[in-house]
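There are 2 protein chains.
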Amino acid sequence: MYEAYWKEIGEKCDVSITIPINQSMSYFANSKSFCWFLEPKLEEQIKRVHTIVGNAVVEDRYIIVGTGSSQLILAAMYALSDRLNHPNPIDVVAATPAYSSYSEMVTFLQSGLLKWSGDARRYDKDGPYIEMITSPNNPDGTIREPVVSNHKGKGMTVHDLAYYWPQYTSITSPADQEIMLFTLSKCSGHAGSRIGWALVKDETTAKKMMNFLVLSSIGVSKESQLRAAKVLETINLSCQSDKPFEVENFFEYSYGVLAQRWNSLRDVIAKNKVFSAPKYPIHYCNFFKKFTHPCPAFVWLKCKNGVDCANLLREYKILARSGARFGSEAEYVRASMLGLDEEFDLFLERLSAIDLLDG
Amino acid sequence: MYEAYWKEIGEKCDVSITIPINQSMSYFANSKSFCWFLEPKLEEQIKRVHTIVGNAVVEDRYIIVGTGSSQLILAAMYALSDRLNHPNPIDVVAATPAYSSYSEMVTFLQSGLLKWSGDARRYDKDGPYIEMITSPNNPDGTIREPVVSNHKGKGMTVHDLAYYWPQYTSITSPADQEIMLFTLSKCSGHAGSRIGWALVKDETTAKKMMNFLVLSSIGVSKESQLRAAKVLETINLSCQSDKPFEVENFFEYSYGVLAQRWNSLRDVIAKNKVFSAPKYPIHYCNFFKKFTHPCPAFVWLKCKNGVDCANLLREYKILARSGARFGSEAEYVRASMLGLDEEFDLFLERLSAIDLLDG
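Top to bottom, those sequences are chains A and B.
Numbered according to our numbering, the first sequence spans residues 256 to 614.
Numbered according to our numbering, the second sequence spans residues 256 to 614.
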């Protein structure tokens with residue numbers, strides 16, 4: 256979806272990056288900085304985009320760049336559990352339906368530091384725990400708060416704010432949490448760059464996250480960081496009232512496309528009466544200075560009458576991830592709203608053709 | 256050390272890379288490939304450089320790109336241990352002195368899959384184990400073979416061949432091991448790109464390594480891969496007899512600089528009589544078609560009379576990593592031979608000034 260925007264920008268003005276063969280050869284980007292592998296240009300544009308959008312507090316925060324937010328999710332879990340020095344693995348929970356990778360990330364290395372404990376709403380143990388909070392949520396687009404009551408102060412939270420951008424949801428206030436994770440892939444669409452960043456309040460936690468990143472990959476690609484800086488710089492310039500080049504505000508463009516897609520999707524759903532999709536309350540968006548309709552990056556489709564939704568869709572050549580993968584029921588699926596225009600049109604066309612009598 | 260070469264090349268011809276803002280936005284580089292996030296251009300140049308240099312067999316190997324070889328070291332350990340499905344953690348060993356990160360990588364996540372078991376030469380248990388083999392070795396530059404006898408076929412090996420390039424050692428035959436790891440940082444000097452690659456024989460192991468890379472970072476920076484492809488392409492072209500541009504053979508240049516530095520270093524050591532450095536047997540190098548003197552990337556300095564070498568050097572403002580960090584004695588240090596010219600000259604100047612009577 257984003258490719259069309261970037262293609263047009265690329266044709267209008269020179270926003271490509273050129274990297275000489277002898278540039279950025281060192282492990283270090285800024286040896287004096289806390290995150291010594293973070294390119295100063297990227298740090299600057301990260302701060303600027305959050306200030307312009309108003310979606311996160313950046314002052315007095317440790318900014319740590321990662322190879323995608325995936326690496327930072329693991330780094331954050333590691334940092335929080337390791338610093339406790341607890342004899343048993345720390346429980347990690349997330350309210351269902353939850354991003355399916357959290358449980359896999361916690362379990363695949365069989366780490367003695369972490370234990371996947373499933374749905375946060377059912378968590379009732381007395382020990383320390385980490386609650387993963389994705390807001391807006393993947394897969395269902397809801398705005399999330401911690402759901403485990405922070406009993407005796409033993410709860411720790413990681414806020415995965417990958418989708419807290421104005422095209423997906425109303426920006427109601429700057430997020431101000433202990434650990435906040437963002438990723439270029441969901442902000443601008445540049446998934447191939449594998450650039451994520453963490454905003455961290457506590458120094459010890461930030462240091463342990465750095466330790467994780469150094470041991471697991473000795474930092475993050477400089478080339479990707481330089482391009483991410485250029486992408487964010489272009490987004491930031493596109494939001495200015497006096498622009499150096501004629502370009503549509505990136506977030507207005509993206510919100511426009513998504514809002515239209517959601518309208519078309521809701522029309523199809525209303526017509527074929529086989530599915531339902533969540534409805535979201537509207538809120539005032541401080542960035543757009545108006546009320547906006549949330550337009551999640553995924554639709555969390557529910558099939559009526561308990562039909563296995565992924566199976567039904569597969570018959571119509573629609574690939575979607577079953578609700579079961581997110582700890583939910585098989586009558587749900589997650590389908591992407593972010594594909595290319597052709598892909599999305601085909602998705603709607605095939606969805607329109609579904610009649611439950613056939614299914 | 257390599258920067259001077261790349262700077263000169265960059266001035267002579269256009270070997271920079273330009274990445275349009277809408278390029279390589281997807282997670283995928285080649286959805287039909289086993290390693291679906293590996294850029295085809297990089298794969299091609301990796302195969303070509305190994306064929307030209309003759310340091311590794313690439314035919315019928317799974318090629319997996321990683322965020323530096325660090326990520327691949329962990330991925331390989333994970334893959335080998337996970338596939339065993341053994342009730343206890345698998346012992347990981349390396350002959351002392353060994354790269355200090357191996358033990359940290361094994362222990363920091365407290366993985367139930369792996370257990371650091373120290374010096375491979377002292378390993379005498381009966382269970383399955385993984386032996387890490389770095390050849391030429393970091394820190395001491397020796398050529399390494401497995402040292403644990405492969406009792407009852409329970410031994411698995413990971414060959415870290417980061418330094419198996421003609422500037423560092425004679426290329427005596429193409430390596431043909433189960434898992435071989437390489438990294439751009441040691442081949443060309445581009446450490447900031449965080450590009451490593453694995454050549455893997457076994458499909459199950461390769462699949463598990465892929466699983467590790469997908470869960471830990473959903474692949475590897477496309478920008479870095481594209482630049483790595485350009486760097487390797489330039490190296491490959493520099494090795495041809497008919498070159499498209501006038502440029503010194505990269506490996507001849509690098510070997511020339513390193514050989515000169517080693518000569519100067521040995522002169523200093525011979526004069527001040529405080530230190531000794533390992534002597535290496537000469538071998539016929541199939542790449543250079545002549546006998547070459549090994550020129551490791553590090554010097555493994557030994558201080559005479561049991562003096563703490565890192566402490567002594569610190570008094571003379573020389574930073575070097577103590578042998579203790581590598582599982583060895585404090586009379587040893589590892590010092591880099593790869594710094595900028597000015598840094599290396601200063602290192603020699605300060606080293607010359609050391610008199611043990613002062614120390």
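All C-beta atoms, glycine included, are put in the ideal place defined by N, C-alpha and C.
Reduced DSSP category for residue i - H, G, I as helix; E, B as strand; rest coil
{"i": "residue 558(A)", "result": "strand"}
{"i": "residue 609(B)", "result": "coil"}
{"i": "residue 461(A)", "result": "helix"}
{"i": "residue 362(B)", "result": "helix"}
{"i": "residue 578(A)", "result": "helix"}
{"i": "residue 268(A)", "result": "coil"}
{"i": "residue 373(A)", "result": "strand"}
{"i": "residue 473(A)", "result": "coil"}
{"i": "residue 430(B)", "result": "strand"}
{"i": "residue 279(B)", "result": "coil"}
{"i": "residue 420(B)", "result": "coil"}
{"i": "residue 354(A)", "result": "coil"}
{"i": "residue 521(A)", "result": "helix"}
{"i": "residue 443(B)", "result": "coil"}
{"i": "residue 481(A)", "result": "helix"}
{"i": "residue 337(B)", "result": "helix"}
{"i": "residue 614(B)", "result": "With a pLDDT of 43 at residue 614(B), under the threshold of 50, the modelled position of that residue is not reliable, and the figure given next carries that caveat. If DSSP states are grouped into helix, strand and coil, residue 614(B) belongs with coil."}
{"i": "residue 467(A)", "result": "helix"}
{"i": "residue 397(A)", "result": "coil"}
{"i": "residue 343(A)", "result": "coil"}
{"i": "residue 506(B)", "result": "helix"}
Distance, residue j Cα to residue i Cα
{"i": "residue 312(B)", "j": "residue 429(B)", "result": "6 Å"}
{"i": "residue 615(A)", "j": "residue 445(A)", "result": "Missing from the structure shown is residue 615(A); chain A here goes from 256 to 614 and no further."}
{"i": "residue 581(A)", "j": "residue 315(A)", "result": "35 Å"}
{"i": "residue 304(A)", "j": "residue 573(B)", "result": "42 Å"}
{"i": "residue 427(B)", "j": "residue 337(A)", "result": "45 Å"}
{"i": "residue 257(A)", "j": "residue 595(A)", "result": "8 Å"}
{"i": "residue 459(B)", "j": "residue 412(B)", "result": "15 Å"}
{"i": "residue 376(B)", "j": "residue 401(B)", "result": "9 Å"}
{"i": "residue 334(A)", "j": "residue 359(A)", "result": "18 Å"}
{"i": "residue 562(B)", "j": "residue 452(B)", "result": "39 Å"}
{"i": "residue 330(A)", "j": "residue 465(A)", "result": "8 Å"}
{"i": "residue 473(B)", "j": "residue 449(A)", "result": "8 Å"}
{"i": "residue 286(A)", "j": "residue 591(A)", "result": "40 Å"}
{"i": "residue 535(B)", "j": "residue 424(B)", "result": "10 Å"}
{"i": "residue 354(B)", "j": "residue 558(B)", "result": "20 Å"}
{"i": "residue 586(A)", "j": "residue 397(A)", "result": "18 Å"}
{"i": "residue 322(B)", "j": "residue 438(B)", "result": "9 Å"}
{"i": "residue 265(A)", "j": "residue 271(A)", "result": "7 Å"}
{"i": "residue 519(A)", "j": "residue 607(A)", "result": "11 Å"}
{"i": "residue 617(B)", "j": "residue 578(A)", "result": "Since the first and last residues shown for chain B are 256 and 614, residue 617(B) lies out of range."}
{"i": "residue 269(B)", "j": "residue 486(B)", "result": "12 Å"}
Residue i burial status per 10 Å Cβ neighbour count (16 or more: buried)
{"i": "residue 496(B)", "result": "exposed"}
{"i": "residue 386(B)", "result": "buried"}
{"i": "residue 346(A)", "result": "buried"}
{"i": "residue 598(B)", "result": "exposed"}
{"i": "residue 295(B)", "result": "exposed"}
{"i": "residue 414(A)", "result": "buried"}
{"i": "residue 467(B)", "result": "buried"}
{"i": "residue 292(B)", "result": "buried"}
{"i": "residue 546(B)", "result": "exposed"}
{"i": "residue 267(A)", "result": "exposed"}
{"i": "residue 317(B)", "result": "buried"}
{"i": "residue 521(B)", "result": "exposed"}
{"i": "residue 300(B)", "result": "buried"}
{"i": "residue 342(B)", "result": "exposed"}
{"i": "residue 506(A)", "result": "buried"}
Per DSSP, cross-strand counterpart(s) of residue i
{"i": "residue 239(B)", "result": "Missing from the structure shown is residue 239(B); chain B here goes from 256 to 614 and no further."}
{"i": "residue 435(A)", "result": "414(A) and 454(A)"}
{"i": "residue 348(A)", "result": "386(A)"}
{"i": "residue 588(B)", "result": "556(B) and 577(B)"}
{"i": "residue 539(A)", "result": "546(A)"}
{"i": "residue 274(A)", "result": "272(B)"}
{"i": "residue 530(A)", "result": "558(A)"}
Residue i CB to nearest heavy atom of the ligand MN below 6 Å
{"i": "residue 400(A)", "result": "Only the bare structure without any ligand can be found here, which leaves the ligand MN out of the picture."}
Short CB-CB distance (under 7 Å) between residue i and chain C
{"i": "residue 261(A)", "result": "Looking for chain C here will not work: the only protein chains present are A and B."}
Sequence ranges, alpha helix (DSSP H) only - wholly within the region 284 to 332 of chain B, length at least 4: Taking only runs of at least 4 residues, the alpha helix (DSSP H) segments lying wholly in the region 284 to 332 of chain B are 295 to 308.
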